[in-house]
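A.B. asks: Have a look at the structure that comes next, please.
Number of protein chains: 2
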Amino acid sequence: MRKEWVKGRAGVVTQLHYARKGKMTEEMAFVAKREKLPPELVQNEVARGRMIIPANVHHTNLEPMAIGIAASCKINANIGNSAVSSGSDEEVRKLKTAVKLGADTVMDLSTGKNIDSIREAILAASPVPIGTVPIYQAIEQVKKPTDLTADDLLGVIEHQARQGVDYVTVHCGILRAFLPMTVKRITGIVSRGGALMAQWMLHHEKENPLYTNFDRLLDICRAHDLSLSLGDSLRPGSLADASDEAQFAELKVLGELTKRAWEKDVQVMIEGPGHVPMDQIAMNMEKERELCHEAPFYVLGPLVTDIAPGYDHITSAIGAALAGWNGASMLCYVTPKEHLGLPDEEDVRQGVIAYKIAAHAADVARHRLGARDRDDSLSRARYAFDWNRQFALSLDPERAREMHDETLPQEGFKTAEFCSMCGPKFCSMHVDQEVREAVARDEAKQAEKNREKLKEMTAGA
Amino acid sequence: MRKEWVKGRAGVVTQLHYARKGKMTEEMAFVAKREKLPPELVQNEVARGRMIIPANVHHTNLEPMAIGIAASCKINANIGNSAVSSGSDEEVRKLKTAVKLGADTVMDLSTGKNIDSIREAILAASPVPIGTVPIYQAIEQVKKPTDLTADDLLGVIEHQARQGVDYVTVHCGILRAFLPMTVKRITGIVSRGGALMAQWMLHHEKENPLYTNFDRLLDICRAHDLSLSLGDSLRPGSLADASDEAQFAELKVLGELTKRAWEKDVQVMIEGPGHVPMDQIAMNMEKERELCHEAPFYVLGPLVTDIAPGYDHITSAIGAALAGWNGASMLCYVTPKEHLGLPDEEDVRQGVIAYKIAAHAADVARHRLGARDRDDSLSRARYAFDWNRQFALSLDPERAREMHDETLPQEGFKTAEFCSMCGPKFCSMHVDQEVREAVARDEAKQAEKNREKLKEMTAGA
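Chains A and B are the protein sequences, given in the same order.
The numbering of the first sequence is our numbering, which starts it at 1 and goes up by one.
The numbering of the second sequence is our numbering, which starts it at 462 and goes up by one.
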């Protein structure tokens, strides 16, 4: 459908540009319907920079979506191979799994061979916005990371923009002056792109080329509607490093760059931590709003403990739920394999569901209109022992059914008034339905008594 | 060791009794050491009722632990069979898995056959306090739940007290007057014991026998130091039912019963919900403190969404972390099988780790002394690429190692400066170590320049 929409567009083609000119694009109208929001509100939020619609004009099979505080909380799933493992088919399978389970955007973080053809296959198969980290490809094209030039980097970004990538993580905010702030950290710089930029700056004794060439970057973005995801190169990689000088120094620069991007009609979101103790999460959300002028905040977790490798989807879903409740617009998932290895398809599944939970819990806690409807429907089905409907309303219907069927697989049990957890005699919901009837009888009895008493009193009067 | 400790004790043998008399029991001293707290503080907190040490005098292989706001946040794992599945060997295996992974207490919720021998086997094997829900056994001994008498119930409780059970969930706070408050709920009464008590009251048109016989119950408790876990029969079973009139009406009664228990030197904790949206959790913790006089709060999750069957350990770990941060003293785990079937050993593992994460995140957020030490050590090992130490410091070392080894099993990779997630070229930690050296060189160079400049200036002066 988007082929028609984008046909006549030329020059500056960003949603921000159109919104500011008062044009209601098909993308805005589409998003408004999905979000059950008035189209004018979507247009206003996009114009204000508080909402983005990552929608490269070349990604025509995209079904547009919105990221911003007025929209429901979104989640991103990272896929992509590394030099050590995986190929194109497997990455497309991961994409499909992620989208099927509800990922709102997908980032292709491939760093290995065939990076270009993997991206092409993913874009062709994806109805959701695709994000990338272009420095990963740029690095593959040079011998040493320090051989990179600004032209190399911008060349790769432009190439990917033409391919149809919807948003790119760019590490523009890490400046030379900030590097000494990281040396006393426990885990230093944990952003891959950030570490590479740091290495480059120290080697060349020059400022960050993406910072000094930011205007050239913006020119690429506005020509294709490539959205910027301003990377937090100095995000904390451990609880101890959270909310430090380095992190906030970079965040301030991201705020300045946001304003410059908006001046050129380029859509922007801001990336956030990482590893943050629970009691610092609300403060981090507030700080971003303040320093980055309410540009949508896109956070990675954060993990609320460092001691759970193998279960970091859970550790980080706790932080993500808190972040979403406190105003983050998109939550980047973390899989059980984080810190241990490249996620496979099952890891993608675990990560996506953990984050669907976090985002939904955030929507419920923010009292978004209708956010709790699905919970209420599922709970009604639960009380009615309608097992098939419970499965259908679940975030992962297949897994829910599998688990139920482990002990009671026969179809007859799909209407049974119990499951194997309590067995028939101890099912509280079953007993409660008898309680409900008894309460009704009790009340009827009481009403009868009252009627008789009233009659007596009237007779006596 | 406890055999010696309890030898001379007779009459009222509760820790609360001793604490009030100014006696420092071996249990208090033991707990103080575990918690790294001054023994006097433990004694004072126990005397105040703000901390309990569930330690039945007959459970002599117990290693005492404490539940209360001054202690670290604890977790409980539920095991136990149902009429539909599982036996004694499997339940002892689940116990061992739970304890090995760090469950602080274990509840045996068996409701099927051989309930007595399963409990005996569990107690004999358990170094952690064992809790039960005695009504499950009482019910097995009668034809219909409504045949139960107060004597039956108290008889079973006394029997279990003599066996060595450390704490019991008793549904004393659900009163007849509260039942009509539940009929408009989506999920009614979801506590198994609560639903049975409701059924009993409606059938007999009488008040809750555990409420009317509460003093007899206290007499049993003080003779064996059986701690009470006052059950929340009217806890919400869905987001929609959270924080309603019924829930808080019962909570108020639990507060009254707490005072009566304290008068008789009986240790008490209060059970809490269930299903609660994130934005109501802090309020629920506050309400309990107020209505129940700061008796330790022992919460079940709570789940922050209803739509994740198959992943309720995650949904509820989010709520549990928030609850712990806001003052809950113990978190009752929920496994992935919740709402679907009886948990097996792998479900126990998933549940325990999810809750270890939640409790630890709460301790970190509360700034408990030393709470973050293990996180910092693991993060240092991570930065140093000491994979074996990372595994050792993990909550589940075996699982962490398995996941790492899926792609890089060879022992050589245990010191490799990368994993399969990013591969050798893209490991930020690896690059960062070069950054650190370069920053140091830069700073040395700058210092040298400054020295020269100073020399020039001094020479010129």
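Each residue gets a CB set at the ideal place from its N, CA and C atoms; glycine is no exception.
The structure presented is a predicted model; accordingly, all values stated were derived computationally and were not measured.
1) Kindly confirm or deny that the stretch 895-915 of chain B and the stretch 214-232 of chain A touch, where touching means at least three C-beta pairs closer than 8 Å.
2) Is it a yes or a no for the stretch 319-329 of chain A touching the stretch 279-286 of chain A, going by three-plus beta-carbon pairs under 8 Å?
3) Going by alpha carbons, who is nearest to A/E45 out of A/P296, A/T458, A/G423?
4) When burial is assigned at 16 or more other CB atoms within 10 Å of the CB, is A/N61 buried or exposed?
5) Determine whether the Cβ of A/M421 lies closer than 8 Å to any Cβ atom of chain B.
6) Go through its chain and collect everything with a Cβ distance to B/P595's Cβ below 6 Å, but skip five positions before and after it.
7) Is it true that the CB of A/A32 sits closer than 8 Å to the CB of A/I53?
8) Roughly how many angstroms lie between the CA atoms of A/V304 and A/L393, to the nearest whole one?
9) Just by C-beta distance, which residues in the stretch 292-305 of chain A are closer than 8 Å to chain B?
10) Which full runs of the alpha helix (DSSP H) of 4+ residues lie inside the stretch 321-367 of chain A, going along the chain?
11) Quick one, which residues of the stretch 899-915 of chain B are near chain A if we go by CB-CB under 7 Å, in chain order?
12) What would DSSP say about A/E406, mapped onto helix, strand or coil?
13) Quick one: what does DSSP say A/L148 is sitting in, helix, strand or coil?
14) Count Cβ pairs between the stretch 795-807 of chain B and the stretch 341-361 of chain A that sit closer than 8 Å; are there 3 or more?
15) Look at the alpha carbon of B/S790 and the alpha carbon of B/I530, and state the distance between them as a whole number of angstroms.
16) If I'm right that B/M658 touches B/H632 with Cβ under 8 Å, what's the distance once you round it to whole angstroms?
17) Quick check on DSSP: helix, strand or coil for A/F385?
18) I'd like to know if B/I647 contacts chain A, where contact means its C-beta is closer than 8 Å to some C-beta of that chain.
19) What's the call for B/R696, buried or exposed, on a 16-neighbour Cβ count within 10 Å?
20) Under 7 Å Cβ to Cβ from B/A819, same chain only, skipping five residues before and after it: list those, please.
21) Kindly provide the ranges of any beta strand (DSSP E) runs that are 3 or more residues long and lie completely inside the stretch 147-214 of chain A, ordered along the chain.
22) Bridge partners of A/L230, per DSSP?
23) For a contact defined as C-beta to C-beta under 8 Å, what are the partners of A/L72 on chain B?
24) Can you name the start and end residues of the alpha helix (DSSP H) that B/G762 belongs to?
25) Cβ closer than 7 Å: which chain B residues qualify as neighbours of A/M285?
26) Under the three-state reduction of DSSP, which class applies to B/H685: helix, strand or coil?
27) Shorter than 8 Å from the beta carbon of A/Y18 to some beta carbon of chain B?
28) What span of residues does the alpha helix (DSSP H) with B/I408 cover, start to end?
29) Leaving out five residues on either side along the sequence, give the residues of the same chain with a beta carbon under 6 Å from the beta carbon of A/G164.
30) Output yes or no for whether 8 Å exceeds the beta carbon distance between A/S238 and A/I186.
31) I want to verify the contact list: residues of chain A whose CB lies under 7 Å from the CB of B/K561, in sequence order.
32) Between the stretch 364-375 of chain A and the stretch 105-125 of chain A, can you find at least three pairs of beta-carbon atoms closer than 8 Å?
33) Spell out whether any CB of chain B is found under 8 Å from the CB atom of A/F426.
34) Any Cβ of chain A within less than 8 Å of the Cβ of B/Q621?
35) Which of the three DSSP states, helix, strand or coil, is assigned to B/I940?
36) List the endpoints of the continuous beta strand (DSSP E) containing B/T566.
C.D. replies: Taking the definition as stated:
1) Three or more Cβ pairs closer than 8 Å define a contact, and the stretch 895-915 of chain B falls short of that threshold against the stretch 214-232 of chain A.
2) With three or more CB-CB distances shorter than 8 Å, the stretch 319-329 of chain A counts as touching the stretch 279-286 of chain A.
3) The shortest Cα separation from A/E45 among A/P296, A/T458, A/G423 belongs to A/P296.
4) The residue is exposed, with fewer than 16 neighbouring Cβ atoms inside 10 Å.
5) Among the residues facing chain B, A/M421 is included, as its CB has a counterpart in that chain under 8 Å away.
6) Same-chain partners within the cutoff: V617, I618, Q621, V629.
7) Taking a C-beta distance under 8 Å as the contact criterion, A/I53 and A/A32 do not qualify as a contact pair.
8) Taking the straight line from one Cα to the other gives about 29 Å.
9) When C-beta distances to chain B are compared with 8 Å, the residues of the stretch 292-305 of chain A below that value are V304, T305, in chain order.
10) As far as the stretch 321-367 of chain A is concerned, its whole alpha helix (DSSP H) runs of at least 4 residues are 345-365.
11) Interface annotation for the stretch 899-915 of chain B against chain A: A899, V900, D903, E904, criterion Cβ-Cβ distance under 7 Å.
12) DSSP places A/E406 in helix when its eight states are reduced to three.
13) Judged by DSSP in its simplified three-state form, A/L148 adopts coil rather than helix or strand.
14) No, the stretch 795-807 of chain B is not in contact with the stretch 341-361 of chain A.
15) Approximately 5 Å between the Cα atoms of the pair.
16) About 5 Å; that satisfies the 8 Å criterion.
17) Coil.
18) Yes - at least one Cβ of chain A is within 8 Å of the one on B/I647.
19) B/R696 comes out buried.
20) Same-chain partners within the cutoff: A778, A781, A782, G785, L792.
21) Counting whole runs of 3 or more residues, the stretch 147-214 of chain A contains the beta strand (DSSP E) stretches 167-170.
22) A/L230 is bridged to A/V170, A/I270.
23) Note that residue 72 of chain A corresponds to Ser in the displayed sequence, not to Leu. In chain order: nothing, as chain B lies at least about 13 Å away.
24) B/G762: not part of any alpha helix (DSSP H); DSSP gives it neither H nor E.
25) Within chain B, no residue has its beta carbon less than 7 Å from that of A/M285; the closest one is some 14 Å off.
26) If DSSP states are grouped into helix, strand and coil, B/H685 belongs with the helices.
27) False, the Cβ-Cβ gap to chain B never drops below 8 Å.
28) Nothing about residue 408 of chain B can be reported from this structure: the residues present for chain B run from 462 to 922 only.
29) Hits under 6 Å: N56, H58, H59, L123.
30) Result yes, Cβ atoms of A/S238 and A/I186 sit closer than 8 Å.
31) None at all; the shortest Cβ gap to chain A is about 15 Å.
32) Below 8 Å, too few C-beta pairs join the stretch 105-125 of chain A and the stretch 364-375 of chain A to call them touching: fewer than three.
33) With 8 Å as the cut-off, A/F426 counts as an interface residue toward chain B.
34) Not an interface residue.
35) What the structure shows of chain B is the stretch from 462 to 922, and residue 940 of chain B is not part of that stretch, so it cannot be assessed.
36) Segment 566-569, the beta strand (DSSP E) holding B/T566.
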